[in-house]
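Trainee:
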Ligand SMILES: NC(=O)CC[C@H](N)C(=O)O
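Residue numbers (my numbering): 87 to 380.
1) With DSSP run on the structure shown, which of helix, strand or coil describes residue 177?
2) Based on Cα-Cα distance, which residue from 208, 171 and 339 lies nearest to residue 259?
3) Grab the span of the beta strand (DSSP E) containing residue 217 for me, first residue to last.
4) So, residue 188 versus residue 324, is the Cβ gap smaller than 7 Å?
5) Tell me whether residue 207 sits in a helix, a strand or coil according to DSSP, three-state version.
6) Can you confirm whether the stretch 178 to 186 touches the stretch 247 to 254 when touching is taken to mean that 3 or more C-beta pairs between the two stretches lie within less than 8 Å?
7) CA-CA distance, residue 358 and residue 330?
8) When DSSP builds the beta bridges, which residues end up paired with residue 235?
9) Taking 6 Å as the line, does the beta carbon of residue 206 fall inside it for any heavy atom of ligand 1?
10) Given a cut-off of 7 Å on the beta-carbon distance, is the pair residue 217 and residue 176 in contact?
11) To the nearest angstrom, how far is the alpha carbon of residue 147 from that of residue 238?
12) Assuming residue 246 is part of the beta strand (DSSP E), what are its boundary residues?
13) Check residue 194 in the structure and name its three-state DSSP category.
14) Taking 6 Å as the cut-off, is the C-beta of residue 176 nearer than that to any heavy atom in ligand 1?
15) Could you check the C-alpha separation between residue 207 and residue 274 for me, to the nearest Å?
16) Can you tell me whether residue 181 is buried or exposed, with buried defined as 16 or more other CB within 10 angstroms of its CB?
17) Spell out a yes or no on whether the stretch 257 to 272 and the stretch 198 to 205 are touching, meaning 3 or more CB-CB pairs, one atom from each, closer than 8 Å.
18) With DSSP collapsed to three states, give me the class of residue 159.
19) Could you work out which residue in 320, 167 and 160 is closest to residue 205 when comparing CA atoms only?
20) Report yes if the CB atom of residue 278 is closer than 7 Å to the CB atom of residue 232, and no otherwise.
21) How long is the line joining the alpha carbons of residue 193 and residue 246, rounded to whole angstroms?
22) Given a threshold of 16 other Cβ atoms within 10 Å of its Cβ, counted over all protein chains shown, does residue 257 qualify as buried or as exposed?
23) Hey, residue 268 and residue 333: beta-carbon distance below 7 Å or not?
24) Within its chain, find whatever has a CB closer than 8 Å to the CB of residue 196; leave out the 5 residues flanking it on each side and keep chain order.
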């Protein structure tokens with residue numbers, strides 16, 4: 087695929103649907119799942135990074151023999167029985183979801199108890215409450231009884247990887263007791279309601295600089311420095327991870343979610359969104375490992 091340079095072209099949906107907050111914002115987002123930029127007069131191109139990330143997310147499902155299907159319109163949600171809301175940039179995603187009138191259909195999907203997994207920006211979408219949002223806030227789908235901090239770990243350059251203890255995942259899916267979490271300008275869960283299970287927490291070193299004033303405020307209010315922060319939760323048929331499991335070779339979160347989907351009575355044959363059907367090209371052999379984000 088020919089590389090496009092958003093810097094050269096000028097604009098992504100942040101720029102075309104709303105005022106720019108930062109010059110070249112789209113080129114600074116590592117995973118702009120919905121990044122489109124203007125190239126020349128009037129014509130729009132999809133950012134090359136977006137395409138790559140889309141493929142990565144679908145590859146993780148393909149490695150489990152499930153083919154993904156992209157959902158762009160509200161009516162397409164009727165063709166699927168479960169949903170993955172991927173990472174990206176939640177403000178931009180919310181603007182686009184609003185533009186395409188996806189929110190009512192997404193809320194209905196959640197209300198019907200259909201399995202939904204939100205990763206990173208997707209987790210923000212699913213949260214009942216988000217803090218650290220851009221001026222003017224952003225619409226949420228909601229459903230997960232929790233409060234997330236949108237950029238808890240800081241800006242893009244504070245992205246990191248961490249070995250996370252994942253007892254529930256290891257119990258259900260086998261394998262190591264830890265999972266390598268890839269955190270890209272990641273959110274974290276600050277509070278959960280009583281019906282929410284915490285599936286993973288991330289240690290926060292005391293030297294860790296929290297860039298969000300609200301996160302710092304919360305720490306100061308409690309006057310106990312946080313040592314761990316919640317990064318994976320489950321409530322009924324809703325799953326939320328602050329990190330990006332699709333960027334590692336470990337497919338246990340994906341198979342965990344597929345099991346949730348099939349336990350919800352729908353099976354996996356046409357269930358995951360991006361979703362729909364066993365990948366006919368899947369030969370049952372393990373796929374080559376994905377590169378790990380450094
Ligand atoms: N990798 C991600 O999905 C980052 C999410 C980002 N913190 C946001 O607001 O949307």
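Positions of the beta carbon are idealized from the N, C-alpha and C atoms, including for glycine. Only a predicted model underlies this, so the values are computations on that prediction, with no experimental measurement involved.
Mentor: According to the structure data:
1) helix
2) 339
3) 213 to 217
4) no
5) helix
6) no
7) With a pLDDT of 45 at residue 358, under the threshold of 50, the predicted position of this residue should be treated as unreliable, and no value is reported.
8) 217 and 274
9) yes
10) no
11) 28 Å
12) 246 to 251
13) helix
14) yes
15) 10 Å
16) buried
17) no
18) coil
19) 320
20) yes
21) 32 Å
22) exposed
23) yes
24) 202, 212, 227, 228, 229 and 324
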